[in-house]
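Engineer: Sequential numbering from 1 applies to the sequence shown in the working numbering. From the three backbone atoms N, C-alpha and C, an ideal C-beta is built for every residue, glycine too.
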Amino acid sequence: MRLFHCGHCGSLVFFESFQCVHCGSTLAFVREHVDMLALQPAGDEADGLWERRAPRPGLGAVHESTSDSGVSQTEAPYLRYRMCANRTKHQVCNFALIDTPDTPQDALCPACVHTRVLPDLSDPANLRRWSVIEAAKRRLYYIDIRLGIDRLPGETGPIFEFLADVPGSMPVLTGHASGVITLNISEADDDERVRRRVAFHEPYRTLLGHLRHEIGHYFWDVLVARGNRLELFRELFGDERIDYGQALLDYYARTPIPDPLWQDSHVSAYATAHPWEDWAETWAHYLHMVDLLESARSFDTRISVPSPLGDQHFTMVDPFAMPPPSFDSMLSALVPATLLLNSLTRSLGQIDAYPFALSLAAQRKMRFVHEVISERRITTAPAPQQAPPDAAAG
Numbered sequence: 001m002r003l004f005h006c007g008h009c010g011s012l013v014f015f016e017s018f019q020c021v022h023c024g025s026t027l028a029f030v031r032e033h034v035d036m037l038a039l040q041p042a043g044d045e046a047d048g049l050w051e052r053r054a055p056r057p058g059l060g061a062v063h064e065s066t067s068d069s070g071v072s073q074t075e076a077p078y079l080r081y082r083m084c085a086n087r088t089k090h091q092v093c094n095f096a097l098i099d100t101p102d103t104p105q106d107a108l109c110p111a112c113v114h115t116r117v118l119p120d121l122s123d124p125a126n127l128r129r130w131s132v133i134e135a136a137k138r139r140l141y142y143i144d145i146r147l148g149i150d151r152l153p154g155e156t157g158p159i160f161e162f163l164a165d166v167p168g169s170m171p172v173l174t175g176h177a178s179g180v181i182t183l184n185i186s187e188a189d190d191d192e193r194v195r196r197r198v199a200f201h202e203p204y205r206t207l208l209g210h211l212r213h214e215i216g217h218y219f220w221d222v223l224v225a226r227g228n229r230l231e232l233f234r235e236l237f238g239d240e241r242i243d244y245g246q247a248l249l250d251y252y253a254r255t256p257i258p259d260p261l262w263q264d265s266h267v268s269a270y271a272t273a274h275p276w277e278d279w280a281e282t283w284a285h286y287l288h289m290v291d292l293l294e295s296a297r298s299f300d301t302r303i304s305v306p307s308p309l310g311d312q313h314f315t316m317v318d319p320f321a322m323p324p325p326s327f328d329s330m331l332s333a334l335v336p337a338t339l340l341l342n343s344l345t346r347s348l349g350q351i352d353a354y355p356f357a358l359s360l361a362a363q364r365k366m367r368f369v370h371e372v373i374s375e376r377r378i379t380t381a382p383a384p385q386q387a388p389p390d391a392a393a394g
């Protein structure tokens, strides 16, 4: 993810921030501007409306963000905002909406509105878990915005159900069915997630990774099944019409000894379970790549890999450029970025942050995901105007 700055004092702030720690400004992310805005109450606080806080004298505009209509903030000072109701009631969201005559006072932001079922929030542990999950979901939603696939024509987006295990009942299983993504909220607990990662012999298990995987199932329905891409999909991933339930039973029956040759054609061992899981795993890895590249490029990262055969130099690629960058240029930047990332995490005594090696067959599948998204990207998708010049890996 790219860097954000406080619109009032210019200090570095983060996507997860609720308040600037330097000047105290209230912060909120607004989809139409793809930016963290510094806000202040607009008139009577009882109205619940906010307006953009002016930059400190001499600072100038930190960002010149643009809405879907192409109206910049400096050209539209009259805009007012309303905090997501989940912030007002529970302090679990830092998104805001542009206020209109039709915006209710208890409106949910474009990310929270997709959550249909919540656990018992009278339990403080559930409230904490929900807050952690929504933070990951907002990062997931940010990538959809930047790729221009959060508002596809004719689609209303996935529905999320966050559930807790109930004693005496069947355990909640994380999964996707017909546009509904179910998540066991225990995945928000680090110890439980690690326990399951070890039990399932997985090299990698994160909450954000779960969400990226599950939303991949939703986008398979939207972009492949309803996008007339089944023939090409089956050539790369296999025939999804094979029995899904039996395929999963067969996979777990051979766990922890997966197909020893899975790395030859899949991004993960779990991807071997069924073509649908192969797609979802590949989709998640593509989003990992996109987020990692934007983060690295936002810091103007340039990587040199010394070698007796000649040093190699790499510059990060903007994954959200229009027209979309080539998959080859993105992959060329990903390899040294993950090499550096894993080297840094090992230096701190941690396991590899990205413990995967992408075979040529896995790369072809990721290229397919890239092409499917690139073809459907909305050219009017909001994008920050402040960005470093485009650069290719070298």
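Could you check whether the region 279-293 touches the region 357-372, counting it as contact only if at least three pairs of C-beta atoms, one from each stretch, sit closer than 8 Å?
Structural biologist: The region 279-293 vs the region 357-372: in contact.
Engineer: In chain order, what residues of the same chain lie with their CB nearer than 6 Å to the CB of P355, ignoring the 5 residues before and after it?
Structural biologist: The sequence position of residue 355 within the sequence shown is 355, counting from 1. Correct list, in chain order: P203 and Y204.
Engineer: From this set, R116, L341 and F314, which residue's C-alpha is nearest L350's C-alpha?
Structural biologist: Counted from its first residue, the sequence shown places residue 350 at position 350. With the sequence shown as reference, residue 350 is identified as Gln, and Leu is not the correct amino acid for it. For the residues R116, L341 and F314, the minimum Cα distance to Q350 belongs to L341.
Engineer: Based on the DSSP output, what are the partners of R302 in its beta bridges?
Structural biologist: Position 302 of the sequence shown, counted from the start, is the residue given in the question as residue 302. Answer is T315.
Engineer: Does DSSP put G24 in a helix, in a strand, or in coil?
Structural biologist: Position 24 of the sequence shown holds residue 24. The answer is coil: DSSP assigns G24 none of H, G, I, E or B.
Engineer: Can you tell me which of F162, V305, H274 and V132 puts its alpha carbon nearest to the alpha carbon of T182?
Structural biologist: Walking along the sequence shown from the start, residue 182 turns up at place 182. Looking at the Cα atoms, F162 is the closest of the given residues.
Engineer: What do you reckon, are the CB atoms on Y141 and A111 nearer than 7 Å?
Structural biologist: Here residue 141 refers to the residue found at position 141 when the sequence shown is read from its first residue. Here residue 111 refers to the residue found at position 111 when the sequence shown is read from its first residue. Yes. Within cutoff.
Engineer: Are G216 and P275 touching if we call contact CB-CB under 7 Å?
Structural biologist: By 1-based counting over the sequence shown, the position of residue 216 is 216. By 1-based counting over the sequence shown, the position of residue 275 is 275. No.
Engineer: Rounding to the nearest angstrom, what Cα-Cα distance links R376 and L287 in this structure?
Structural biologist: Counted from its first residue, the sequence shown places residue 376 at position 376. Counted from its first residue, the sequence shown places residue 287 at position 287. Distance between the alpha carbons of R376 and L287 is about 16 Å.
Engineer: Does P167 come out as helix, strand or coil in the three-state DSSP assignment?
Structural biologist: Reading the sequence shown from its first residue, position 167 is the one you call residue 167. Reduced to three states, the DSSP call for P167 is coil.
Engineer: Is there at least one non-hydrogen atom of the ligand GTP closer than 6 Å to the beta-carbon of M36?
Structural biologist: This structure lacks the ligand GTP, and indeed carries no ligand of any kind.
Engineer: Output the distance between the C-alpha atoms of N126 and I185, rounded to the nearest integer angstrom.
Structural biologist: In the sequence shown, counting from the first residue as 1, residue 126 sits at position 126. In the sequence shown, counting from the first residue as 1, residue 185 sits at position 185. Taking the straight line from one Cα to the other gives about 8 Å.
Engineer: Pair every Cβ in the region 98-105 with every Cβ in the region 135-153, then say whether three or more of these pairs are closer than 8 Å.
Structural biologist: Too few Cβ pairs lie closer than 8 Å, so no.
Engineer: Could you compute how far the alpha carbon of A107 sits from the alpha carbon of L118?
Structural biologist: One-based indexing of the sequence shown puts residue 107 at position 107. One-based indexing of the sequence shown puts residue 118 at position 118. Going by the C-alpha atoms only, they are around 17 Å apart.
Engineer: Going by C-alpha distance, which of L223, D278, V198 and W262 is nearest H213?
Structural biologist: Within the sequence shown, the letter at position 213 stands for residue 213. Measuring from the Cα of H213, the nearest candidate turns out to be D278.
Engineer: Assuming L211 contacts A136 (C-beta within less than 8 Å), just tell me the rounded distance between them.
Structural biologist: By 1-based counting over the sequence shown, the position of residue 211 is 211. By 1-based counting over the sequence shown, the position of residue 136 is 136. About 6 Å separates the two Cβ atoms, so the contact holds.
Engineer: Roughly how many whole angstroms lie between the Cα atoms of V224 and R234?
Structural biologist: Against the sequence shown, residue 224 aligns to sequence position 224. Against the sequence shown, residue 234 aligns to sequence position 234. Cα to Cα, the separation comes out at about 10 Å.
Engineer: Rounding to the nearest angstrom, what Cα-Cα distance links E134 and Y251 in this structure?
Structural biologist: Along the sequence shown, read from residue 1 onward, the residue named residue 134 stands at position 134. Along the sequence shown, read from residue 1 onward, the residue named residue 251 stands at position 251. Rounded to whole angstroms, E134 to Y251 spans 30 Å at the Cα level.
Engineer: Between P324, A42, F200 and A337, which has its C-alpha nearest Y270's C-alpha?
Structural biologist: Within the sequence shown, numbered from 1, the residue matching residue 270 stands at position 270. If we check each option's Cα against that of Y270, F200 comes out closest.
Engineer: Using three-state DSSP, classify A333 as helix, strand or coil.
Structural biologist: The sequence position of residue 333 within the sequence shown is 333, counting from 1. A333: helix per DSSP, three-state reduction.
Engineer: Can you tell me the Cα-Cα spacing of F4 and F14, whole angstroms?
Structural biologist: Looking up residue 4 in the sequence shown gives position 4. Looking up residue 14 in the sequence shown gives position 14. Roughly 6 Å between the two C-alpha positions.
Engineer: Closest to F320 by C-alpha separation, out of L344, I373, P306 and S332, would be which residue?
Structural biologist: Along the sequence shown, read from residue 1 onward, the residue named residue 320 stands at position 320. The option with the nearest alpha carbon to F320 is I373.
Engineer: Out of W220, E187, D318 and M366, state which residue places its alpha-carbon closest to the alpha-carbon of S298.
Structural biologist: For the purposes of this step, residue 298 is taken as the residue at position 298 of the sequence shown. Comparing Cα-Cα distances from S298 to each of W220, E187, D318 and M366, the minimum goes to D318.
Engineer: Would you call H313 buried or exposed, if buried means 16 or more other Cβ atoms sit within 10 Å of its Cβ?
Structural biologist: Mapped onto the sequence shown, residue 313 falls at position 313. Classification for H313: exposed.
Engineer: How is the alpha helix (DSSP H) around E51 delimited, first residue to last?
Structural biologist: Here the question's residue 51 lines up with position 51 in the sequence shown. From DSSP, E51 is part of no alpha helix (DSSP H) but of the beta strand (DSSP E) over L49 to R52.
Engineer: What are the start and end residues of the alpha helix (DSSP H) that includes A107?
Structural biologist: In the sequence shown, counting from the first residue as 1, residue 107 sits at position 107. Note, A107: premise wrong, no alpha helix (DSSP H); not H, not E.
Engineer: Quick check: Y218 and P158, are their CB atoms within less than 7 Å of each other?
Structural biologist: The residue labelled residue 218 in the question sits at position 218 within the sequence shown. The residue labelled residue 158 in the question sits at position 158 within the sequence shown. Yes; because the gap between Cβ atoms is below 7 Å, this pair is in contact.
Engineer: For D398, which residues in the same chain have their Cβ closer than 6 Å to its Cβ, ignoring the five residues on either side in sequence?
Structural biologist: What is shown of the chain runs 1 to 394, which leaves residue 398 out entirely.
Engineer: Mapping DSSP to helix, strand and coil, what is H176?
Structural biologist: Translated into positions along the sequence shown, residue 176 becomes position 176. Three-state DSSP puts H176 in a strand.
Engineer: Taking the C-alpha atoms as reference points, what is the distance between L97 and V113?
Structural biologist: The residue you call residue 97 lines up with position 97 of the sequence shown. The residue you call residue 113 lines up with position 113 of the sequence shown. Rounded to whole angstroms, L97 to V113 spans 12 Å at the Cα level.
Engineer: In terms of alpha-carbon separation, which member of A353, P308, V290 and R254 lies closest to F327?
Structural biologist: Against the sequence shown, residue 327 aligns to sequence position 327. Answer by Cα proximity: V290.
Engineer: For T315, tell me which candidate among P323, G24 and S304 has the shortest Cα-Cα distance.
Structural biologist: On the sequence shown, position 315 is the one that residue 315 refers to. The shortest Cα separation from T315 among P323, G24 and S304 belongs to S304.
Engineer: Between the Cα of P336 and those of P41, D44, Y81 and D311, spot the shortest distance and give me the residue it belongs to.
Structural biologist: Counting from 1 along the sequence shown, the entry for residue 336 is found at position 336. It is D311 whose Cα lies nearest to the Cα of P336.
Engineer: Using alpha carbons as the reference points, say which of D191, T156, R197 and E231 lies closest to T255.
Structural biologist: Mapped onto the sequence shown, residue 255 falls at position 255. Out of D191, T156, R197 and E231, R197 has the C-alpha closest to the C-alpha of T255.
Engineer: For A188, does the count of other Cβ atoms within 10 angstroms reach 16, so buried, or fall short, so exposed?
Structural biologist: The residue given as residue 188 occupies position 188 in the sequence shown. With 16 or more Cβ atoms within 10 Å of its Cβ, A188 is classed as buried.
Engineer: Ends of the beta strand (DSSP E) at V418?
Structural biologist: This structure leaves residue 418 out entirely; the chain is present only between 1 and 394.
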